[in-house]
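Presented below is the structure to which this report refers.
Residue numbers (the working numbering): 261 to 855.
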C-alpha cells in the first residue's frame, strides 16, 4: 500500500511538472511566476512542506549567480567591455576579417567569466558599427555574436548560471564539488570547433537584407517611430499635410495619417489636415524633441500628462527593452506607463518600422525607446517593466579609473577559486565588498545588476526538484528510462542525454531543464554503472547550447530584435550548430571520462 501511495504521489508530482513546462511554453506568464505557481501546487498537494523549502534555500548556487551578476555589472560600469570592443574597432578598417575574428574570440573569452547578457548588450551596437564600417550587413554578424557568447559560457563553471545550478544540485546529491576550470577542456574543444564551423558556414545561410548604403549614419541620426495628434486650433488645419513646415524638416518622414478610424498610407501628404488627426512619422531624436514642444502637436497619448509636461523636474531619456525580465513584452499600451506618469515618445528599431501606430508597437528586446516623465516615475518604470539602461547614454560617464580594480577583483575571484583557497560563493561576496567600498559601482547599481526574475525561477525550480526527489518521481522516471538506455553504449547514452537536454532548453528555460535533469542523470548513472560526472557535465552543455531558436536563450532574443531576423534564420545556422556541438561535446566527454 505504501508503494502504491508513493507511486501515486510521484505521478501527481510529474503531472504538476508537466503543467509547469506547459506554462513555460505558452509564455502567458513570466517563467518566475509559472515556477512559483508550481511550488504553490506542490505545497497545496502536500508533496513538500516548508522544511523542504528551507533546505533548498541553503543551496549556494543562486546566491553565487547573483554575486557574479554584480561582478559582471562592475565590468560594464567601469567601461572594461566597451574599451575592449573599441580596440577591435580600431582594427576594422585595415583588417576587417581580423577585427571580426578578434571580436568573436573576445566574446567567447569574456563570456567564460562574465555573465553573457551584458556582454552581448554592450557589443550589439559595436558589432553593428563594425559591420557598417566594412560594408557588411549586420545580419551577417549578430547571430554569430550570440552564439559566441553561448559557447564562451560553457568554458568555465562561472560562465553561465546553468553550470552553477547543475554543480550546486549535483553537490547536494552527494557528488564531489566541481572546480572552476574542470569543464574548460571540454568547453574549449566545443567552442573551437563550433566557432570555426560558424566562420565557414554562416556566410552561406545568414541573410544579407541590409545594404550598407542604407545603414550609413546609423549612430548620428537614429530615427524614432512616433505619432502626433494635431491640436484643434493648429494654424495649418484645412491645408494639405505636405505643406506643414515643421514636418518638412530634414530627418522627418511622414508614414501615414489617421483620420477618424482610417489610416491613409498612400500619399498621406496630400490629405487635408483636420483637428484631432494622428500623423505617424519617423524622425530623428532632435526633431522629435522639438516637435514635443510645439503647441500645434502633442505626442499621441500625452494629453493626460500635462502636469508632467509642465513640471520643472520633467526628464526626457532613452531606455533599452530587455529580454525576458517580465515574460512576454507586449505592446507599448501593454506597458501601462501612465501609472508611473511616464510616456513613450518614440521607438527605434534598427532599420525597421516597428508598427502601424505608436500604441500598437509590439516591443522587442534591444528596441530603444524615448521616455518622458519625472525622475521618480522613470525609476518606478525601470523597476517594474522590461525597460533597462534608463539614462541619456552619452551623459553618463564610465568610471574608467576604477577599471583596473574591477578587472583585478574578478581575476582574483577566479584564480583563488581555481586553487580552492575559499569556496566560490565566499570569494564572490568578498569581491562585491571590494568593488562597493572602492566605488567601482554604487550600491543601487550593484543590486540592479541582479536579475531577480532569474533568482526566483532558480529557487522555485530547486524546490520543485526537491519535491520530485521526495515523492519518488525521479526514481519513477529513471525506472522508465533505464531499460531504453541499458542496451546503449556509453557514447550513445551521452548523445541521448545531451539530445534530451538540448531539445528541452530550446523551448523551456535552461535553468529549469538543468534543475530537473540533474538528479535524473545522477540516478541513471548509478543504475547504468556510468561515471555520474560525465552525465552531469553532459547536462551542463546540453542545457546551455541553445542555437536553434531565438527564444531558447536570452542573448538570441536580443540579437533577434536588433537584427530584425526571422525565426527561420536561427534554424538555418542553429540546427547544424546544435548537431556539431552535441557530437563534439559528447565525443570529448566520452574520450576524457568514459573511454
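Just so you know, even glycine gets a beta-carbon here, dropped at the ideal spot from N, CA and C. Just so it is clear, the structure is predicted and the values come from calculations on it, not from any experiment.
Query	Result
Leaving out five residues on either side along the sequence, give the residues of the same chain with a beta carbon under 6 Å from the beta carbon of residue 842.	758
Is it a yes or a no for the stretch 703–710 touching the stretch 746–763, going by three-plus beta-carbon pairs under 8 Å?	no
Quick one: any contact between the stretch 737–756 and the stretch 686–699, if contact means 3 or more CB pairs under 8 Å?	no
Please report the straight-line C-alpha distance between residue 601 and residue 559, rounded to a whole angstrom.	14 Å
Pair every Cβ in the stretch 364–382 with every Cβ in the stretch 732–741, then say whether three or more of these pairs are closer than 8 Å.	no
Specify whether the stretch 613–626 and the stretch 484–493 touch according to this definition: at least 3 beta carbon pairs, one from each stretch, less than 8 Å apart.	yes
Count the other CB atoms within 10 Å of the CB of residue 679; is the residue buried (16 or more) or exposed (fewer)?	exposed
Taking only the alpha-carbon atoms, compute the straight-line gap between residue 775 and residue 362 and give it to the nearest angstrom.	35 Å
Under the DSSP definition of a beta bridge, which residues are partnered with residue 500?	532
Which residues in the same chain have their Cβ closer than 8 Å to the Cβ of residue 850, if we skip the five residues on either side of it in sequence?	750, 751, 754, 794
With a threshold of 7 Å on Cβ separation, who are the neighbours of residue 701 within its own chain once the five nearest residues in sequence on each side are excluded?	333, 334, 337, 695
For residue 804, report the span of its alpha helix (DSSP H) as first-last.	792–804
For residue 740, count neighbouring Cβ atoms within 10 angstroms of its own Cβ and tell me buried if that reaches 16, exposed if not.	exposed
By DSSP, does residue 428 sit in helix, in strand, or in coil?	helix
Got a sec? Which residues, its chain only, sit under 8 Å from residue 836 by beta carbon, not counting five neighbours each side?	457, 461
Quick test of your reading: residue 509 and residue 542, contact by CB under 8 Å. State the CB separation rounded to the nearest angstrom.	With a Cβ gap of about 12 Å, residue 509 and residue 542 do not count as contacting.
Name the residue from 578, 312, 277, 465 whose alpha carbon lies nearest to the alpha carbon of residue 301.	277
Would you identify the three-state DSSP class for residue 560, choosing helix, strand or coil?	coil
Using the beta-carbon count (16 or more within 10 Å), is residue 480 buried or exposed?	For residue 480, the predicted model reports a pLDDT of 42, less than 50, meaning its position is unreliable and no value from the coordinates is stated.
Spell out the partners DSSP gives residue 629 in its beta bridges.	579, 607
Could you compute how far the alpha carbon of residue 698 sits from the alpha carbon of residue 418?	24 Å
In the DSSP assignment, find the unbroken alpha helix (DSSP H) run with residue 612 in it and report its ends.	Note, residue 612: premise wrong, no alpha helix (DSSP H); not H, not E.
Return the chain-ordered list of same chain residues with a C-beta closer than 6 Å to the C-beta of residue 852, the five sequence neighbours on each side being excluded.	none
Nearest CA to the CA of residue 355: which residue from 339, 391, 402, 610?	391
What's the gap between the Cα of residue 496 and the Cα of residue 592?	29 Å
Assuming residue 367 contacts residue 383 under a Cβ cut-off of 8 Å, what Cβ separation, rounded to an integer in Å, is found between them?	6 Å
Please report the distance separating the alpha-carbon of residue 281 from that of residue 728.	14 Å
Please report how far the alpha carbon of residue 571 lies from the alpha carbon of residue 607, in whole angstroms.	Annotation note: pLDDT 45 at residue 571 (below 50); position unreliable, coordinate value reported separately. Going from the Cα of residue 571 to the Cα of residue 607 covers about 23 Å.
What did DSSP end up calling residue 441 once you bin it into helix, strand or coil?	coil
So residue 291 and residue 717 are in contact, right, with Cβ under 8 Å, and what is the actual spacing, rounded?	5 Å
Taking three-plus beta-carbon pairs below 8 Å as touching, is the stretch 524–540 in contact with the stretch 498–509?	yes
Taking the alpha-carbon positions, what's the residue 826 to residue 434 distance?	44 Å
Does the stretch 817–824 come close enough to the stretch 791–805 that 3 or more CB-CB pairs lie under 8 Å?	no
Quick check: residue 604 and residue 329, are their CB atoms within less than 7 Å of each other?	no
Suppose the cutoff is 8 Å on Cβ atoms and the five residues either side in sequence are ignored; what does the same chain contact list for residue 844 look like?	449, 450, 453, 454
According to DSSP, is residue 325 helix, strand or coil?	helix
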